[in-house]
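Take a look at the structure set out below.
In the working numbering, the protein residues as written are 2 to 214.
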């Protein structure tokens, strides 16, 4: 699955970005997303249960593509990979982490918001980078400006993406997929409101399919 990440994500369109405080919520979360038509989730290392959550999802929900987000160290890369994460996402461009993932043959999407950061990613042969925080750094207009001199490079904008602006991002050819947390907010997970997560996921999935197809 790791070798096909950049082929799978455009069809899914939306990558839910979730911070899971309790590992026991991981599987119900994954099941809720799949039920809503989004068989993908990025579990962030903003909580202590991230590694265990990734492991539980990969073991119990093989139909979902699970990645690790907010990865800040190579130790977290190892923890995520051992838990079964199919890809790594970093908030910024950390050369040590990117090079480590490339060496380990683990797909990595580093955060890039400047031409210099994009250049470093392209130099390393990366085909897709994260654009974070998207709205704070100019949104779609900045993506278009960065994509112009780097033909073929794809962006995965995250940060400020919501149901209201998702369509505009997905309609742009430079966008591989969008990351977002609006359908997996912390309170929805902690209160066990997985029915609402499924509803929001279905809404996002439907919009993505409408635009991409």
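Don't be surprised by glycine CBs; every beta carbon is placed ideally from N, CA and C.
Between the segment 188-204 and the segment 156-163, do at least 3 Cβ pairs fall closer than 8 angstroms?
With the cut-off at 8 angstroms, the segment 188-204 and the segment 156-163 do not touch.
For residue 138, does the three-state DSSP call read helix, strand or coil?
Residue 138 falls in the helix class under three-state DSSP.
Roughly how many angstroms lie between the CA atoms of residue 71 and residue 92, to the nearest whole one?
Cα to Cα, residue 71 sits roughly 6 angstroms from residue 92.
Who are the near neighbours of residue 184 in its chain, counting only those whose CB is closer than 7 angstroms to its CB and skipping five residues on each side?
Closer than 7 angstroms at Cβ, skipping near neighbours: 17, 198, 201, 202 and 205.
May I have the straight-line CA-CA distance separating residue 78 from residue 50, to the nearest angstrom?
One C-alpha to the other measures close to 15 angstroms.
Between which two residues does the alpha helix (DSSP H) holding residue 96 run?
Segment 96-105, the alpha helix (DSSP H) holding residue 96.
Taking C-alpha atoms, which residue in 10, 55 and 136 lies nearest to residue 110?
For the residues 10, 55 and 136, the minimum Cα distance to residue 110 belongs to 10.
Do the segment 169-185 and the segment 120-127 meet, that is, are 3 or more Cβ pairs less than 8 angstroms apart?
Segments in contact, no.
So what does DSSP say about residue 89, is it helix, strand or coil?
It is a strand residue.
Provide the residue span of the alpha helix (DSSP H) that contains residue 82, from first to last.
Where residue 82 is concerned, the enclosing alpha helix (DSSP H) stretches over 75-84.
So, for residue 40: in the same chain, excluding its five sequence neighbours on each side, which residues have a beta-carbon less than 8 angstroms away from its beta-carbon?
Excluding sequence neighbours, residue 40 sits near 13, 34, 64, 65 and 66.
Considering only residues of the same chain and omitting the five flanking positions on each side of residue 88, which have a CB-CB separation below 6 angstroms?
Excluding residues within five positions, the ones whose Cβ falls inside 6 angstroms are 6, 68 and 108.
Give me the Cα-Cα distance between residue 1 and residue 175, rounded to the nearest whole angstrom.
Lying before the first or after the last residue shown, residue 1 is absent from the chain, which here runs from 2 to 214.
For the beta strand (DSSP E) containing residue 179, list its first residue and its last residue.
That run of the beta strand (DSSP E) goes 179-181.
Below 6 angstroms CB to CB, which residues in the same chain sit around residue 47 once its five sequence neighbours on both sides are set aside?
Counting only Cβ-Cβ distances below 6 angstroms, and skipping sequence neighbours, we find 20 and 71.
Can you look up residue 15 in the DSSP assignment and give me helix, strand or coil?
If DSSP states are grouped into helix, strand and coil, residue 15 belongs with the strands.
Cα-Cα, which of 115, 166 and 137 is closest to residue 148?
Cα-wise, what sits closest to residue 148 is 115.
Considering only heavy atoms of the ligand NAD, does any lie closer than 8 angstroms to the CB of residue 179?
This structure lacks the ligand NAD, and indeed carries no ligand of any kind.
I'd like the span of the beta strand (DSSP E) that includes residue 70, first residue to last.
Its beta strand (DSSP E) spans residues 66-70.
Going by beta carbon distance, what residues of the same chain come within less than 7 angstroms of residue 189, once the five residues before and after it are set aside?
Taken in chain order, the residues that qualify are 197 and 198.
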